[in-house]
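Down below is the structure, laid out as structure tokens.
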Amino acid sequence: MARIETPRPIRGTQDMIGETQARFAHVIAAFDRVRRLYGFQRVEVPVFEATAVFARSLGETTDVVAKEMYTFPDRGGDSLTLRPEFTAGIARAYLTEGWQQFAPLKIAASGPVFRYERPQKGRFRQFHQIDAEIIGAAEPLADVELLVFADQVLRELGVSDGVTLQLNTLGDAETRDAWRAALVEHFEAHRADLSEDSIDRLARNPLRILDSKDPRDRPAADSAPDIDAYLTPETADFFAKVTEGLDAAGVTWTRNARLVRGLDYYRHTAFEFVTERLGSQGTVLAGGRYDGLIEALGGPATPGVGWAAGIERLAMLIDVPLESPLTVIMAAEDDRAIQDGIRVLTALRRSGISAEMIATGSPRKRYDKATKVLAKVLVSIKHDGEKATFDLKSVPGTEEHQMVEAIIQSLGGQH
RNA sequence: GCAGCUGUAGCUCAGUUGGUUAGAGCGUCGGAUUGUGGCUCCGAAGGUCGGUUGUUCGAAUCAACCCAGCUGUACCA
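Number 284 in the working numbering belongs to position 284 of the first sequence; there are no gaps in the numbering.
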């Protein structure tokens with residue numbers, strides 16, 4: 001048979017095993033535990049959608065839509081896109097599945113998302129997010145609950161120390177439009193001083209100039225008008241209620257008047273949990289209120305708030321999760337003892353005791369191999385030609401030792 | 001996107017100014033020793049030296065291009 005060249009993994013994808021996988025699983029487990037405490041129900045939504053779901057909702061001019069989407073035609077010629085985020089797909093499901101009947105709806109999801117980008121530390125083409133949304137709740141209390149939820153996830157993961165919550169308001173549609181117009185006017189006046197990127201942003205997405213890191217943009221960005229001057233009394237009050245709620249919950253935050261979101265549908269609250277520890281990939285959890293999104297998808301005006309966090313980035317920040325070690329490792333030191341070993345092994349596992357047996361390779365080396373497994377109880381099995389004998393080695397009085405001993409004895413084993 | 005670094009056995013890495021058959025440790029497999037033991041010893045398998053093209057009598061080593069990974073930066077979770 002001709003040797004074929006082994007296909008390469010797709011760039012920016014990951015195969016996880018061992019510690020990497022343990023970290024990944026730990027993040028999801030913590031999310032799932034906390035999510036129940038806050039009454040967020042788990043939902044499953046497709047990994048791909050009609051391209052319009054994302055193109056329409058994210059905003060045609062955002063980077064994600066303009067150049068980072070995995071878009072392809074299916075066999076019928078329809079344009080499909082692998083989800084670059086959760087929110088738009090969930091909003092679509094909310095409309096098409098009649099989830100409006102459950103409003104206000106608190107939901108949690110996790111899974112792979114896809115962006116066509118240059119892979120590097122903490123960034124992949126297929127990466128994974130945990131995601132939380134509240135749909136159909138217009139009140140600031142929803143923002144507060146969502147943020148406190150996020151904060152608790154980070155706390156339970158033990159990463160909240162190096163992480164700060166940055167908070168801003170983008171106002172309502174009216175506020176945002178007025179502010180946007182003022183910003184365009186301001187930046188047009190400084191056009192000559194701006195970086196090429198920001199001149200481009202000026203036409204497409206002027207808010208983004210505010211958080212530009214290009215030093216050429218900083219003077220104009222720093223002198224740009226704050227949104228505060230454009231906030232209506234209602235929007236100012238909304239933001240105040242959010243911050244008061246956070247204070248009541250004891251969640252620390254800092255105002256970042258330059259914080260804007262990359263996607264177009266955000267209103268009111270915008271936030272990011274940021275760490276210094278991941279270099280330029282420092283945003284660890286981000287979100288905001290998206291009161292405009294569901295309308296943009298053709299639905300009725302429906303408020304929503306949500307956030308998403310990159311699982312890989314969180315996984316890099318946490319301590320190594322401790323593995324629950326194997327309880328029993330058995331060494332079949334004689335091939336004639338293998339059947340007896342299988343019987344005990346099965347009985348142990350059926351009793352809820354984790355167990356493995358080493359029965360391959362040189363019989364003389366099996367014990368040494370078993371000692372390297374670091375299980376709580378080591379059982380060696382020998383055979384004298386008549387019957388198998390079991391020998392336990394562990395700390396004698398322990399619960400595990402006694403349970404294993406009892407199971408072996410109940411099967412008529414000797415030791 | 002931009003910049004820099006790296007790519008040799010399953011893993012971690014040596015490899016001299018270009019020169020015989022490319023090495024080590026760990027792991028795997030076999031054997032010896034031990035016989036209530038995690039030690040020690042012997043042996044074996046395992047390599048298109050990331051890929052292609054070139055320079056040369058001769059390339060893991062030099063050059064060009066490509067691919068991949070890492071680090072930083074932009075943008076993003």
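Even glycine gets a Cβ: it sits at the ideal position worked out from N, Cα and C.
Residue range of the unbroken beta strand (DSSP E) whose run includes residue i
| i | result |
| --- | --- |
| Glu49 | 48-50 |
| Pro73 | 70-73 |
| Gly412 | Unbroken run through Gly412: none, as it is neither H nor E. |
| Gly341 | Run containing Gly341: none in the beta strand (DSSP E); it sits in the alpha helix (DSSP H), 338-350. |
| Met330 | 328-332 |
| Asp391 | 388-393 |
| Ile381 | 377-383 |
| Val416 | Outside the modelled stretch of the chain, which goes from 1 to 415, sits residue 416, for which no answer is possible. |
When the options are compared against residue i, the one with the closest alpha-carbon
| i | options | result |
| --- | --- | --- |
| Ser110 | Ala173, Arg56, Arg42, Ala91 | Arg42 |
| Arg83 | Pro112, Gln100, Lys67 | Pro112 |
| Asp177 | Met316, His268, Val53 | His268 |
| Arg11 | Tyr116, Glu19, Asp172 | Tyr116 |
| Asp226 | Phe48, Trp179, Pro219 | Trp179 |
| Asp143 | Tyr367, Glu234, Ala224, Thr243 | Thr243 |
| Phe31 | Leu183, Arg289, Leu146, Ile358 | Leu146 |
| Phe114 | Gln129, Gln100, Lys121, Gln120 | Gln129 |
| Arg125 | Gln14, Thr327, Asp247, Thr6 | Gln14 |
| Asp340 | Ser198, Lys382, Gly158, Met69 | Lys382 |
| Gly77 | Phe86, Ala50, Trp99 | Ala50 |
| Val159 | Ala359, Gly361, Val284 | Val284 |
| Val47 | Gly39, Tyr38, Met69 | Met69 |
| Lys121 | Arg349, Ala388, Gly282 | Gly282 |
| Glu44 | Gly292, Ile90, Pro140 | Ile90 |
| Ala138 | Gln166, Leu165, Asp172, Asp161 | Asp172 |
Beta carbon of residue i nearer than 8 Å to that of residue j
| i | j | result |
| --- | --- | --- |
| Pro321 | Ala375 | no |
| Asp335 | Pro363 | yes |
| Ala308 | Ala286 | yes |
| Ile407 | Ala347 | yes |
| Gly136 | Leu105 | yes |
| Ile318 | Arg33 | no |
| Arg258 | Ala221 | yes |
| Asp193 | Pro215 | no |
| Val260 | Leu170 | yes |
| Arg366 | Glu333 | yes |
| Gly310 | Phe127 | yes |
| Thr327 | Ile358 | no |
| Val148 | Val251 | yes |
| Phe86 | Asp131 | yes |
| Tyr265 | Gly298 | no |
Alpha carbon of residue i to alpha carbon of residue j, nearest angstrom
| i | j | result |
| --- | --- | --- |
| Glu416 | Phe102 | This structure gives no information on residue 416, because the portion of the chain shown stretches from 1 to 415. |
| Glu432 | Leu392 | With the chain covering 1 to 415 only, the question about residue 432 has no answer from this structure. |
| Arg92 | Ile107 | 14 Å |
| Arg313 | Leu278 | 8 Å |
| Thr71 | Ser394 | 57 Å |
| Val53 | Pro73 | 15 Å |
| Val379 | Gly18 | 25 Å |
| Gly397 | Ile329 | 18 Å |
| Met1 | Val305 | Low confidence applies here, because Met1 scores a pLDDT of 39, under 50, leaving its location unreliable; read the following figure in that light. Cα to Cα, Met1 sits roughly 57 Å from Val305. |
| Pro9 | Arg118 | 15 Å |
| Ala355 | Leu345 | 6 Å |
| Ala249 | Thr371 | 50 Å |
| Ile294 | Thr81 | 19 Å |
| Asp228 | Met16 | 46 Å |
| Pro300 | Val153 | 32 Å |
| Val404 | Glu156 | 34 Å |
| Leu183 | Gln21 | 45 Å |
| Asp237 | Pro303 | 17 Å |
| Ile342 | Gly361 | 17 Å |
| Ala315 | Ser410 | 44 Å |
| Ala224 | Gln100 | 40 Å |
| Val424 | Phe271 | No answer is possible for residue 424: it lies beyond the span of the chain, which begins at 1 and ends at 415. |
Endpoints, alpha helix (DSSP H) assigned at residue i
| i | result |
| --- | --- |
| Trp179 | 173-189 |
| Leu82 | Note, Leu82: premise wrong, no alpha helix (DSSP H); beta strand (DSSP E) at 79-82. |
| Val113 | Unbroken run through Val113 is the beta strand (DSSP E), 105-114; no alpha helix (DSSP H). |
| Phe149 | 140-156 |
| Glu133 | Here Glu133 belongs to no alpha helix (DSSP H); instead the beta strand (DSSP E) covers 126-135. |
| Ala355 | Here Ala355 belongs to no alpha helix (DSSP H); instead the beta strand (DSSP E) covers 355-358. |
| Gly12 | Premise fails: Gly12 is in no alpha helix (DSSP H) and is neither H nor E. |
| Arg36 | 18-37 |
| Arg92 | 87-96 |
| Asp197 | 196-204 |
| Lys369 | 363-371 |
| Ala221 | 218-222 |
Problem set entry | Ranges of the alpha helix (DSSP H) found wholly within the stretch 248-335, counting only runs of at least 4 | You should have 293-296, 311-317.
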